[in-house]
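In this text, residue positions in the sequence shown follow the working numbering: the first is 58, and each later residue adds one.
Reading through the structure tokens given below for one structure.
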Amino acid sequence: MTQLRRSAAVRAAVGIVISVVAIALILGQVDLARTADVLATAAPVWVGLMLALTFTDLLFRAWRWQRLLAPIHHVPYLRTLGYLGIGYFANNLLPARLGELVRSHYLGDREGISRATTLGTVVVERVVDTAMVVAIAATAIVVLQVRGLIANAVLVGFAFVTLLILLIGSLILAHRLPGAARLAAAADRWPRIQDLVGKLRGGVAVAGKPRTLAQAIALSGCAWTATTLGFAAGAQAVGVQLTLAQAALLASGTALATAVPAGPGNLGTYDLAASTIAVTLGVPVNTAFAIALLTHASTLLVTSALGSVSLLRLGWARAEPPKIEEAAVDRGAARGPLVRRKPAGD
């Protein structure tokens with residue numbers, strides 16, 4: 058556990074440094090007074106539509122997580138939405154996307170599921186989401202015939218997603234790989250680690266269920282449709298009319314940049330990526346930065362509001378988990394480690 062805390066601390070420190078560098082780069086490119094003038098012209102109707110679309114995106118993301126959790130244990134939709142909101146709210150306050158650990162911990166405690174298993178479903182969710190982002194960005198690049206840095210970033214994203222898919226496949230099929238028996242015997246010397254890995258595999262194993270995976274992909278498409286339209290509305294608020302392909306590239310390219318560990322709320326990295334892509338699309342630099350600030354503020358505001366309301370409704374103190382019998386996710390994995398109620402201290 059100490060090693061995990063040290064790793065999280067290092068990741069957080071690196072994220073903060075990256076954010077500081079990104080902010081410095083932005084400040085060297087824009088005129089803040091002119092950006093403020095652009096923001097002052099933002100049309101309230103379009104801003105309101107952007108906020109509504111941002112919330113719609115969260116509704117689809119909560120539904121997706123609920124479907125990924127379903128093979129393990131049924132979690133009511135509103136509670137899933139609350140757990141998701143709390144995690145995203147934590148991302149706004151903590152660096153390096155540590156809110157993903159917060160929501161895994163929070164849901165696991167209240168639903169009686171191992172936190173490692175819950176984290177496994179979050180890993181699958183992130184891989185599906187990133188794969189969808191890369192697909193959208195690649196399509197937009199082909200349609201818009203974009204070259205250079207943005208196209209290269211998408212290629213890197215594709216390679217990263219491929220690696221993640223291979224890793225997940227290896228986890229799911231670990232018991233069938235050559236040498237699996239020897240590794241299992243060696244792991245018996247570290248029962249605590251073996252138990253945690255088994256529970257993590259229990260969550261990741263949902264990716265091996267075709268119906269669950271298809272639902273997650275479809276809901277990711279719905280979520281990113283809402284996000285793309287939200288970016289288009291944000292641009293329209295300051296008088297910039299983007300085509301659907303341009304809005305898709307702006308949304309997906311910004312999302313790829315936020316996959317890099319950064320400070321709380323992806324401060325700096327989000328804004329640098331969004332403004333850089335908008336400039337590539339022909340938007341003046343100060344207007345591009347205004348669009349980045351609008352869309353970023355929309356995300357922070359909506360996720361913080363949802364997280365705050367969810368905390369008030371669900372409470373922060375650890376709740377007694379319900380008495381449930383959980384399903385086996387992958388009966389073949391390591392000869393059937395069921396997803397069990399976690400022991401105290403997990």
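Backbone N, C-alpha and C define an ideal beta-carbon position, used for all residues, glycine too.
Only a predicted model underlies this, so the values are computations on that prediction, with no experimental measurement involved.
The segment 249-263 and the segment 116-134 touch, with three or more beta-carbon pairs separated by less than 8 Å. Judged by beta-carbon spacing, threonine 98 lies within the 8 Å limit of glycine 296, meaning their Cβ atoms are closer than that value. If you ignore the 5 residues before and after isoleucine 143, its C-beta comes within less than 7 Å of the C-beta of Val159, Arg160, Tyr163, Gly364, Ser367 and Leu368, all in its own chain and listed in chain order.
Within the same chain, Cβ atoms closer than 6 Å to the Cβ of alanine 153 are found at Arg68, Ala69, Gly72 and Pro318, the five residues on either side in sequence being excluded.
Taken through DSSP and simplified to helix, strand or coil, serine 367 comes out as helix.
Contiguous alpha helix (DSSP H) elements confined to the segment 141-206 occur at 156-168 and 172-201, taking only those with 4 or more residues. As the crow flies, the alpha-carbon of aspartate 88 is around 14 Å from that of valine 336.
If you draw a 10 Å sphere on the C-beta of aspartate 114, you find 16 or more other C-beta atoms in it, and that means buried.
A distance below 7 Å between beta-carbons, with the five flanking residues on each side excluded, links valine 254 to no residue of its chain. CA-CA distance, alanine 194 to leucine 230, rounds to 30 Å. One Cα belongs to alanine 90, the other to leucine 350, and the distance between them is close to 14 Å. Look at alanine 316 here: in three-state DSSP terms it is coil, with no helix or strand label. Threonine 337 sits in a helix when the DSSP states are folded into three classes. With a cutoff of 8 Å on beta-carbon distance, isoleucine 334 and glycine 310 are scored as near each other. Of the candidates Thr356, Thr360, Ser332 and Gln272, the residue whose Cα lies closest to the Cα of glycine 85 is Ser332. In this structure, alanine 273 sits away from threonine 285, with a CB-CB distance that is not shorter than 8 Å. Just so you know, the alpha carbons of arginine 183 and glycine 165 end up roughly 18 Å apart. Rounded to the nearest whole angstrom, the CA to CA distance from leucine 212 to arginine 370 is 42 Å. With at least 16 other beta carbons inside 10 angstroms of its own, serine 76 counts as buried.
A check of alpha carbon separations from valine 95 across Val78, Thr344, Met107 and Gln123 identifies Thr344 as the nearest. Buried is the label assigned to alanine 188, since at least 16 other Cβ atoms lie within 10 Å of its Cβ. Between isoleucine 83 and phenylalanine 288, the beta carbon gap of about 18 Å keeps them out of contact (Cβ cut-off 8 Å). Runs of the alpha helix (DSSP H) lying entirely within the segment 283-333, each at least 4 residues long, are 301-315 in chain order.
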